[in-house]
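Peer 1: Before anything else, here's the structure in question.
There are 2 protein chains.
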Amino acid sequence: MTNNTKITLAHGSGGKLTHELVSQLFLPNFNNVALSQLSDSALLPLNGMKLAFTTDSYVVKPLFFPGGDIGKLAVSGTINDLAVAGARPMFLSAGFIIEEGLEMSLLEKVVRSMKETAAGACVDIVTGDTKVVEKGSADKLYINTCGIGIVDDRTNLSPSSIEAGDKIIVSGTIGDHGLAVLSERESLGFNPLIQSDCAPLSGMIGKLIASGANIKFMRDPTRGGLATTLNEIVNPQKYGIVIEEQSIPMNDGVRALCEILGYDPLYIANEGKVVVVASADDAVKIRDILREDDLGKDAEIIGNVVEDARGKVCLKTVIGGTRIVDMLMGDQLPRIC
Amino acid sequence: MTNNTKITLAHGSGGKLTHELVSQLFLPNFNNVALSQLSDSALLPLNGMKLAFTTDSYVVKPLFFPGGDIGKLAVSGTINDLAVAGARPMFLSAGFIIEEGLEMSLLEKVVRSMKETAAGACVDIVTGDTKVVEKGSADKLYINTCGIGIVDDRTNLSPSSIEAGDKIIVSGTIGDHGLAVLSERESLGFNPLIQSDCAPLSGMIGKLIASGANIKFMRDPTRGGLATTLNEIVNPQKYGIVIEEQSIPMNDGVRALCEILGYDPLYIANEGKVVVVASADDAVKIRDILREDDLGKDAEIIGNVVEDARGKVCLKTVIGGTRIVDMLMGDQLPRIC
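Residue numbers (my numbering), protein chains in the order written: chain A, 42 to 378; chain B, 42 to 378.
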């Protein structure tokens with residue numbers, strides 16, 4: 042089916058090879074309407090309501106990093122996948138795959154972190170599973186979380202409602218999570234420490250929905266970063282996106298570390314940010330509602346949906362040039378979530 | 042919290058140490074009504090209906106074994122957890138953790154097997170996730186499946202409805218799955234091959250529910266086997282269970298291999314069997330409905346709920362003795378599912 046005969050780390054990057062795996066293997070086999078929408082959550086009509094259902098496995102290395110840990114990440118990530126689908130997150134599952142020999146105290150710390158994160162977002166972890174594999178058959182601890190939410194009646198999020206003239210808003214600085222994990226893993230000792238943005242966004246997104254603003258679509262720019270998320274939004278038949286480099290919020294530490302290491306921050310994973318596509322009329326209102334929340338205090342309008350450059354994401358650079366920003370190819374930072 | 046400072050393989054056995062982990066770590070932290078029932082699925086009231094929600098990770102080794110593979114197992118196991126909760130399985134998620142270097146053709150084979158098993162049970166796989174870890178950080182492939190079902194209004198399954206005089210019915214031979222996986226893993230070359238019973242039971246259980254028979258409780262005797270499942274059912278305040286060794290259906294190959302290797306078949310995992318607790322009046326009817334289905338053709342009434350021996354499971358042996366059958370301690374067969 043694909044050109045690769047073996048699975049590579051890039052197949053798990055969230056970028057081009059992940060999309061190839063999904064479109065060439067999973068979609069043709071698990072063929073159904075809900076899956077084919079490829080949104081962050083499957084949307085399932087059920088007894089007159091719309092259920093959102095999502096899954097993610099977490100294999101982040103190391104398990105603890107500045108600003109979070111695998112437990113906080115697993116709970117936040119799944120909550121965010123529900124929230125960006127316009128759903129109120131309600132129930133989570135937790136499936137643990139543990140390497141034999143893991144310190145019990147470490148597992149306790151992760152479980153307490155999951156508990157606190159879930160409680161903070163008013164979500165219950167209602168079902169679970171534990172598997173243990175022999176030493177050397179896993180790397181300490183992997184966690185899968187699935188989530189169920191109910192889609193808010195007031196939303197009608199769909200890429201098909203996006204049109205030229207709409208605005209792109211990002212809820213804050215990009216690149217923090219990926220570089221926080223990398224710094225910890227490689228013991229870079231960068232000072233001040235880069236903190237992961239890992240956090241549940243359901244509260245902030247709930248306020249956005251309640252405002253009645255004309256939101257067309259939302260997505261959280263995790264694996265593959267902002268660049269990959271925007272490439273998932275553009276439409277080859279209808280529209281492209283132009284973003285302004287100077288408008289994209291970024292912490293100085295992230296900017297500096299990216300320059301030193303040669304990473305492009307547009308491709309670095311975020312775990313506490315949302316990208317909103319909205320009608321131009323409501324863009325400022327949305328940005329301001331986001332800014333009222335601590336998790337959205339650095340929100341910015343970063344670009345436009347345009348009729349030119351259909352299917353493409355273009356970046357207007359600070360020095361006045363324009364370059365095409367493609368989907369992530371390969372995997373610059375494996376095991377970031 | 043527990044006496045162990047490190048996680049051992051036995052913590053994933055489904056036996057005593059798994060229960061200790063759940064009761065001492067997960068329950069006190071993820072404290073909520075749905076979880077505290079510790080049933081195969083969480084039961085969640087939602088808009089006037091009752092949702093069943095369950096998760097399981099699969100780490101079976103090897104990935105392919107006589108009668109099944111990790112894909113068929115992952116889909117069947119989660120379907121069965123919903124079905125024994127009285128729910129009609131509807132939607133599944135699939136989360137893959139893949140070791141770098143896995144043959145693409147092998148992944149394709151597993152995905153096709155998942156597709157066929159899901160289609161056979163009229164269930165859609167609606168959402169998924171893929172993570173890839175470096176060579177040596179997993180053992181080829183782990184799969185998590187979560188499932189959502191709707192609980193049938195006609196059922197009212199609860200351990201609290203069980204009373205002395207009720208009957209225990211098992212839908213067929215025990216021990217097949219565990220020994221099939223073991224034989225393949227250890228290349229025992231036992232002839233004829235022992236086939237795993239791995240299969241989705243939702244069709245057969247659906248017929249049972251539709252019959253209106255007075256079913257009190259159901260559970261699938263997976264990790265920890267029939268012995269552990271029955272120990273989960275007994276109640277220290279109210280009742281015990283007595284089972285008759287000679288009534289327990291077992292294939293000759295399983296019996297012979299257990300004798301050779303010194304395993305107790307009561308503790309061997311099954312992946313296509315259901316244990317039903319029912320009122321005595323309906324026990325024969327239930328057994329006969331099960332027998333009409335190919336997956337239940339060897340169904341037997343194997344014992345009684347009794348007021349004596351509260352909280353205990355007793356086995357009346359073929360030679361006329363009685364012994365107490367405890368929950369699985371340790372883990373005789375790791376990575377069986």
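In this text, a Cβ means the ideal position worked out from N, Cα and C, and glycines have one as well.
Keep in mind it's a predicted model, so treat the numbers as computed, not measured.
Taking residue 94 (chain A) as the query, report the chain B residues whose CB atoms sit under 7 Å from its CB, ordered along the chain.
Peer 2: Per Cβ cutoff of 7 Å: 132, 134, 167, 168, 189.
Peer 1: Looking only at its chain, what residues have a beta carbon closer than 6 Å to the beta carbon of residue 142 (chain A), apart from the 5 residues adjacent to it on each side?
Peer 2: 176, listed in sequence order.
Peer 1: Fully enclosed by the region 126–158 of chain B, which alpha helix (DSSP H) runs are 4 residues long or longer?
Peer 2: Those alpha helix (DSSP H) runs which fall completely within the region 126–158 of chain B and span 4+ residues do not exist here.
Peer 1: From the DSSP output, which residues share a beta bridge with residue 230 (chain A)?
Peer 2: Note: residue 230 (chain A) sits in no beta bridge, so no partner.
Peer 1: Going straight from the alpha carbon of residue 214 (chain B) to that of residue 163 (chain A), what length do you get?
Peer 2: Distance between the alpha carbons of residue 214 (chain B) and residue 163 (chain A) is about 44 Å.
Peer 1: Among residues of its own chain, excluding the 5 on either side of residue 243 (chain A), which ones have a beta-carbon nearer than 6 Å to its beta-carbon?
Peer 2: Same-chain partners within the cutoff: 120, 124, 130, 162.
Peer 1: Does any residue of chain B have a CB that is nearer than 9 Å to the CB of residue 172 (chain A)?
Peer 2: Judged by the 9 Å Cβ criterion, residue 172 (chain A) is in contact with chain B.
Peer 1: Of all the residues that make up the region 54–79 of chain B, which are near chain A by a beta-carbon distance shorter than 7 Å?
Peer 2: Flagged, chain order: 59, 62, 66, 67, 70, 71, 73, 75, 76.
Peer 1: So residue 90 (chain B) is in the beta strand (DSSP E); what residue range does that whole segment cover?
Peer 2: Where residue 90 (chain B) is concerned, the enclosing beta strand (DSSP E) stretches over 90–99.
Peer 1: Per DSSP, what kind of secondary structure is residue 306 (chain B) in: helix, strand or coil?
Peer 2: Helix at residue 306 (chain B).
Peer 1: Taking a cut of 9 Å between CB atoms, which residues from the region 98–120 of chain A lie near chain B?
Peer 2: If the cut-off is 9 Å between Cβ atoms, the region 98–120 of chain A has 98, 99, 100, 102 near chain B.
Peer 1: Can you name the residues of chain A whose CB is closer than 9 Å to the CB of residue 180 (chain B)?
Peer 2: What residue 180 (chain B) touches in chain A: 174, 175, 177, 178, 179.
Peer 1: By DSSP, does residue 42 (chain A) sit in helix, in strand, or in coil?
Peer 2: Unreliable positioning characterises residue 42 (chain A) in this predicted model, as indicated by a pLDDT of 49, which lies under 50. A coordinate reading is not provided.
Peer 1: Kindly confirm or deny that the region 344–352 of chain B and the region 363–376 of chain A touch, where touching means at least three C-beta pairs closer than 8 Å.
Peer 2: Touching, no, given that fewer than three Cβ pairs across the two stretches are closer than 8 Å.
Peer 1: Could you work out which residues of chain A lie near residue 52 (chain B), taking near to mean beta carbons separated by less than 8 Å?
Peer 2: The answer, in chain order, is 139, 171, 173.
Peer 1: On the criterion of 16 or more Cβ atoms from any shown chain inside 10 Å, does residue 193 (chain A) qualify as buried, or is it exposed?
Peer 2: Its Cβ being crowded by 16 or more others within 10 Å, residue 193 (chain A) is buried.
Peer 1: Distance cutoff 9 Å, beta carbons only. Does residue 45 (chain B) sit that close to anything in chain A?
Peer 2: It does; some Cβ of chain A falls within 9 Å.
Peer 1: For a contact meaning CB atoms closer than 7 Å, what does residue 156 (chain A) contact in chain B?
Peer 2: Near residue 156 (chain A) (Cβ distances below 7 Å), the residues of chain B are 70, 71.
Peer 1: Which one of A:44, A:109, A:137, A:70 has the shortest CA to CA distance from residue 221 (chain A)?
Peer 2: Selected option, being the one with the closest Cα: A:109.
Peer 1: Compare the C-alpha of residue 187 (chain B) against each of B:216, B:174, B:170, B:49 and name the closest.
Peer 2: Out of B:216, B:174, B:170, B:49, B:170 has the C-alpha closest to the C-alpha of residue 187 (chain B).
Peer 1: Any idea if residue 111 (chain A) is buried or exposed, counting beta-carbon neighbours within 10 angstroms, 16 or more meaning buried?
Peer 2: Counting Cβ neighbours within 10 Å, residue 111 (chain A) comes out buried, since at least 16 surround it.
Peer 1: Looking at the unbroken beta strand (DSSP E) that takes in residue 316 (chain A), where does it start and where does it end?
Peer 2: Residues 316–319.
Peer 1: Check distances from the C-beta atoms of the region 345–364 of chain A to those of chain B and list, in chain order, the residues that come in under 9 Å.
Peer 2: Answer set for the region 345–364 of chain A: empty.
Peer 1: In terms of alpha-carbon separation, which member of A:342, A:240, A:230 lies closest to residue 321 (chain A)?
Peer 2: Ranking the options by Cα distance to residue 321 (chain A), first place goes to A:342.
Peer 1: Anything in chain A within Cβ reach of residue 22 (chain B), meaning under 8 Å, just list it in chain order.
Peer 2: Chain B is shown from 42 up to 378; residue 22 (chain B) falls before or after that span and cannot be answered.
Peer 1: In whole angstroms, give me the CA-to-CA distance for residue 16 (chain B) and residue 362 (chain B).
Peer 2: Here chain B has residues from 42 to 378 only, and residue 16 (chain B) is not among them.
Peer 1: Nearest-angstrom Cα distance between residue 251 (chain B) and residue 237 (chain A)?
Peer 2: Distance between the alpha carbons of residue 251 (chain B) and residue 237 (chain A) is about 52 Å.
Peer 1: Going along chain A in order, which residues have a C-beta closer than 7 Å to the C-beta of residue 183 (chain B)?
Peer 2: Those within 7 Å of residue 183 (chain B) in chain A are 138.
Peer 1: Taking the alpha carbon of residue 212 (chain A) as the point to measure from, which residue in A:226, A:278, A:365, A:240 has its own alpha carbon closest?
Peer 2: It is A:240.
Peer 1: Would residue 179 (chain A) be called buried (16 or more neighbouring beta carbons within 10 Å of its own) or exposed?
Peer 2: Its Cβ being crowded by 16 or more others within 10 Å, residue 179 (chain A) is buried.
Peer 1: What are the residues of the region 300–327 of chain A that lie near chain B, defined by any Cβ-Cβ distance shorter than 8 Å?
Peer 2: Cβ contacts with chain B: none found.
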